[in-house]
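Below is one structure, written out as structure tokens; comments come after it.
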């Protein structure tokens, strides 16, 4: 063993490289690349365990919810490397992140490496030379309570997913998932869309005008009608979402508004009241994980996933503090740095006498970390780091720097004036107009930064007042002063439905309700998008009809699992476990087995699943549109059905629903339009010259297809029912083929149809095995088949063009996945530093992905093959290695009887 060697283990290679630069030659800094162990899939358990207590969940629920952990096959090599380095070291530092996940990674490392040398837990919130030095001098032991909290969450999510998801597979669609936070987040988005679908707009009118005082040197100003004959004039806020007026305000229609404009022509306006009061505005608190995601979405148009990925790279390279935190608190060093920089850049008067102190307003905030801020005891300005950062990194760093510095600056100050002016119209009606204006006399923190805000549905209702940081000076005037009116205009308005969630507003809604943790929101939003529950339209999140079906099933049958308050209470209980105030085994027992009373309110998850009863899958997947029209969520997508109109086959008329049509846009009128545009009956294409049968094209439940019309088989009427059934089964069946993706019912010809019906096509015979090779079109696309061995073809056209030589070449390649073969890369991105293998971008069955030959990672929706950088690809693969379930694992069991190995100083 080398004298004095110290092994430091962190999670990521980037973090390891940065820390290694601050430590001396006596340290070896290595990355575990995320978790090294996890719960296996039950199918991956050893054969002798599949029928035992671990067989269903890889968790023994009958004996203290004991988990069974295995080492990921991708991590075996890494674990071996760490063990070898440990043998050459006389001290081990576990320097993973100081949160539940980081503490759990450290515990798994400790359990697997089984060190015989002193172990120290090293924690820090920023990666700077000063912070690393302080962390080395102030180590601690492993926090078993944080490990308990992470393990409880992992087991809870396994129980939830493995019990509920199979119900979705049986009743909605294969491959769906349910989750503790993702299902509730999906429900929020679906409920908002339901509100939009039920929304009934209301029309209302108002009057605006431009007014001037007698002094021509004073500015003109705009004002809006606010009262008529002593009654407040109705605005959008005065109407319910059903279009009903909910107050006693005056509701103006077009006739009333235009007649008032005419009656006010030449009317004498005067100032009736003028109020002036001081204006003060405080800066926003420093960023937490949640507020960073919200503000990056508003100001930088970044997705939550993109924000967190960029923040992770900034943290690991020493530019910002740890990015997973729910605390807005700044350390004393950070407060001094922010105040000092504000004074240097803007002047001493922009810094208040006393430092500002912030506390979290979010439910369940833990405040275990500092706020997200620039790293170090002296902040680097954006200009100082501009050459070192990529585009997204620089934008996010600048946002964090501005927010942090502004948080320690003085209030913005000014004056706000509100004026009411009025006149008596020629028809005797008394009209009052209102306006307000703010003049900023001292910009304070606004000189550095202003917080963004989400769109409000009532923005149009506000008086003609500017944003808080813009001057809007009213002229000098006094009560009783005469005013001149110009450009009096009657304006029509229509109430707006509740705005859809954006990623920013969804994150805010989840945090306000105490659902989940800010550190998981980016992953949650990514999951509901990747599962097809939610899509993005601009920044708005639009739920799919699939999300409607899943949410309805959960609401009707698992009500308390998707209840907002219950989910928030679960989060509080999990925090209590982390604090040592609750026992995890007792809590999991109550959640899964219930309280043992047998009462409905005391049932657990197991009772809920076992007592589900019969779920009507057709009912769950049906949404009433109106006038008897029903939307059904089918295996191949949503479609409309009108049971009042039967087709020639006796079935209700059906029509597919375009993917781009949002649920709230599917009105009864639109549904009728889609149904009416569907071709009725068979579309005759011609006659097959070989068989003489008529070839037709049809619109089926699962998409358009072509088929041949065969004469009805002649069945002896004297046969028994069973014999008739047997004779019908033996009768010739019509050839049928789905249209290619490049085809449509409008353009398909008889030649196209005959080509489709000629499939499967015999390509040739394998000279080695003698097996016949055929080209076929299946559910998952075109493929070759040789016996039981199938291989994917690159395109539908290849079904007709692939030669025997090409087919043999495809079979000569190694098989990958479901009958797939290797496809040429779209782009090469260099060598992965972890695996040492080339990284390429490829196009797969589920879209574009990046791979090094060992690890695959689907590209985010906002990244293309052309735009992805080598750094992004390396980070994506590292993230996947850290979080993806393993394909093959080696057992490393943890039992309840064996206590955790405690870290030693």
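Residue numbers (the working numbering): 1235 to 2139. We treat Cβ as the ideally placed atom computed from N, Cα and C, and that holds for glycine. Just so you know, these numbers come straight off a predicted model, no measurement behind them.
Can you tell me whether residue 1862 is buried or exposed? The criterion is at least 16 other CB atoms within 10 Å of its CB, across all chains shown. Within the chain shown, numbered from 1, the residue matching residue 1862 stands at position 628. So residue 1862 counts as exposed.
Given a threshold of 16 other Cβ atoms within 10 Å of its Cβ, counted over all protein chains shown, does residue 1553 qualify as buried or as exposed? By one-based count along the chain shown, residue 1553 stands at place 319. Buried is the call here.
Three-pair Cβ contact test at 8 Å for the stretch 1545-1563 versus the stretch 1755-1775: no
Can you tell me whether residue 2055 is buried or exposed, with buried defined as 16 or more other CB within 10 angstroms of its CB? Within the chain shown, residue 2055 is the residue found at index 821, counting from 1. For residue 2055, the predicted structure reports a pLDDT of 47, less than 50, and the residue's modelled location is therefore unreliable. A value from the coordinates is still provided. Residue 2055 should be labelled buried.
Would you mind reading off the limits of the beta strand (DSSP E) that contains residue 1385? For the purposes of this step, residue 1385 is taken as the residue at position 151 of the chain shown. Run containing residue 1385: none in the beta strand (DSSP E); it sits in the alpha helix (DSSP H), 1378-1405.
Residues bridged to residue 1867 (per DSSP): In the chain shown, the residue the question calls residue 1867 occupies position 633. BP columns for residue 1867 point to 1872.
Alpha carbons only, please: which of 1382, 1387 and 1417 is nearest the one belonging to residue 1399? Residue mapping note: residue 1399 aligns to position 165 of the chain shown, counting from 1. The candidate whose alpha carbon is nearest that of residue 1399 is 1417.
To the nearest angstrom, how far is it from the Cα of residue 2066 to the Cα of residue 1978? Residue 2066 sits at position 832 when you count from the first residue of the chain shown. Residue 1978 sits at position 744 when you count from the first residue of the chain shown. Answer to the nearest angstrom: the Cα atoms are 43 Å apart.
Note down the Cα distance separating residue 1880 from residue 1984, rounded to an integer number of angstroms. Within the chain shown, residue 1880 is the residue found at index 646, counting from 1. Within the chain shown, residue 1984 is the residue found at index 750, counting from 1. Cα to Cα, residue 1880 sits roughly 28 Å from residue 1984.
Measure the alpha-carbon distance for residue 1798 versus residue 1253 and round it to whole angstroms. Position 564 of the chain shown, counted from the first residue, corresponds to residue 1798. Position 19 of the chain shown, counted from the first residue, corresponds to residue 1253. Approximately 41 Å between the Cα atoms of the pair.
In the structure shown, what three-state DSSP assignment does residue 2062 receive? In the chain shown, residue 2062 corresponds to position 828, counting from 1. If DSSP states are grouped into helix, strand and coil, residue 2062 belongs with the strands.
Hey, could you find the ends of the alpha helix (DSSP H) residue 1733 is sitting in? For the purposes of this step, residue 1733 is taken as residue 499 along the chain shown, with counting starting at 1. Premise fails: residue 1733 is in no alpha helix (DSSP H) and is neither H nor E.
In DSSP terms, what residue 1549 is bridged to: In the chain shown, the residue the question calls residue 1549 occupies position 315. According to DSSP, residue 1549 bridges with nothing at all.
Alpha-carbon to alpha-carbon, residue 1680 and residue 1649: Here the question's residue 1649 lines up with position 415 in the chain shown. Here the question's residue 1680 lines up with position 446 in the chain shown. Rounded to the nearest angstrom, the two C-alpha atoms are 15 Å apart.
Residue 1339: first and last residue of the uninterrupted alpha helix (DSSP H) it sits in: Walking along the chain shown from the start, residue 1339 turns up at place 105. Taken as a continuous stretch (DSSP letters only), the alpha helix (DSSP H) holding residue 1339 covers 1334-1347.
Member of 1723, 1460 and 1258 whose CA lies at the smallest distance from the CA of residue 1496: Here residue 1496 refers to the residue found at position 262 when the chain shown is read from its first residue. Answer by Cα proximity: 1723.
Under DSSP, the alpha helix (DSSP H) around residue 1619 begins and ends at which residues? For this step, residue 1619 is matched to residue 385 along the chain shown. First-last of the alpha helix (DSSP H) with residue 1619: 1616-1619.
Cβ pair count under 8 Å reaching 3, the stretch 1830-1848 against the stretch 1438-1455: no
Decide if the stretch 1277-1286 is in contact with the stretch 1790-1806; the criterion is three or more beta carbon pairs, one per stretch, under 8 Å apart. no
Apply the 10 Å Cβ neighbour rule to residue 1728 and answer buried if 16 or more other Cβ atoms are within range, or exposed otherwise. Residue mapping note: residue 1728 aligns to position 494 of the chain shown, counting from 1. Classification of residue 1728: exposed, given that the 10 Å Cβ count is below 16.
Can you give me the Cβ contacts of residue 1335 inside the same chain, cut-off strictly under 7 Å, excluding the 5 residues immediately before and after it? Counting from one through the chain shown, the residue named residue 1335 turns up at place 101. Same-chain partners within the cutoff: 1384.
Tell me which residue opens and which closes the alpha helix (DSSP H) that residue 1958 is part of. On the chain shown, residue 1958 is found 724 positions in, with the first residue counted as 1. Unbroken alpha helix (DSSP H) run through residue 1958: 1955-1964.
Considering only the alpha carbon of each residue, which of 1971, 1857, 1987 and 1895 lies closest to residue 1920? As a first step, residue 1920 is located in the chain shown; it is residue number 686 there, counting from the start. Closest option to residue 1920, Cα to Cα, is 1987.
Is there contact here, the stretch 1735-1753 with the stretch 1527-1540, by at least three beta-carbon pairs under 8 Å? yes
Rounded C-alpha distance that separates residue 1745 from residue 1538: As a working mapping, residue 1745 is identified with position 511 in the chain shown. As a working mapping, residue 1538 is identified with position 304 in the chain shown. Each residue's alpha carbon lies about 14 Å from the other.
Quick check: the Cα distance between residue 1801 and residue 2083, rounded to an integer number of angstroms? By one-based count along the chain shown, residue 1801 stands at place 567. By one-based count along the chain shown, residue 2083 stands at place 849. Looking at the two C-alpha atoms, the distance is approximately 34 Å.
With respect to the beta strand (DSSP E) encompassing residue 1241, which residues constitute its N-terminal and C-terminal limits? As a first step, residue 1241 must be located in the chain shown, where it is residue number 7. Counting along the chain, the beta strand (DSSP E) containing residue 1241 begins and ends at 1240-1244.
Rounded Cβ spacing between residue 1718 and residue 1775 (contact assumed at less than 8 Å): As a first step, residue 1718 is located in the chain shown; it is residue number 484 there, counting from the start. As a first step, residue 1775 is located in the chain shown; it is residue number 541 there, counting from the start. That pair is no contact at about 48 Å.
Quick check on residue 2142: does DSSP put it in helix, strand or coil? Outside the modelled stretch of the chain, which goes from 1235 to 2139, sits residue 2142, for which no answer is possible.
On the criterion of 16 or more Cβ atoms from any shown chain inside 10 Å, does residue 1967 qualify as buried, or is it exposed? The residue labelled residue 1967 in the question sits at position 733 within the chain shown. Burial call: exposed.
Roughly how many whole angstroms lie between the Cα atoms of residue 1295 and residue 1301? On the chain shown, position 61 is the one that residue 1295 refers to. On the chain shown, position 67 is the one that residue 1301 refers to. For residue 1295 and residue 1301, the distance between alpha carbons rounds to 9 Å.
Under 8 Å between the Cβ atoms of residue 1467 and residue 1479? Numbered from its first residue, the chain shown carries residue 1467 at position 233. Numbered from its first residue, the chain shown carries residue 1479 at position 245. No, the Cβ-Cβ distance between residue 1467 and residue 1479 is not below 8 Å.
Roughly how many angstroms separate the alpha carbons of residue 1584 and residue 1555, rounded to a whole number? Working through the chain shown from its first residue, we reach residue 1584 at position 350. Working through the chain shown from its first residue, we reach residue 1555 at position 321. Distance between the alpha carbons of residue 1584 and residue 1555: 25 Å.
Check whether the Cβ atoms of residue 1394 and residue 1290 lie closer than 8 Å to each other. Taking the first residue of the chain shown as 1, we reach residue 1394 at position 160. Taking the first residue of the chain shown as 1, we reach residue 1290 at position 56. No, Cβ-Cβ distance for residue 1394 and residue 1290 is not below 8 Å.
Indicate whether the contact test is met: 3 or more Cβ pairs, each with one atom in the stretch 1267-1281 and one in the stretch 1302-1315, closer than 8 Å. yes
Kindly indicate which three-state DSSP category residue 1584 falls into: helix, strand or coil? Sequence index remark: in the chain shown, residue 1584 carries index 350 (1-based). Three-state result, residue 1584: helix.
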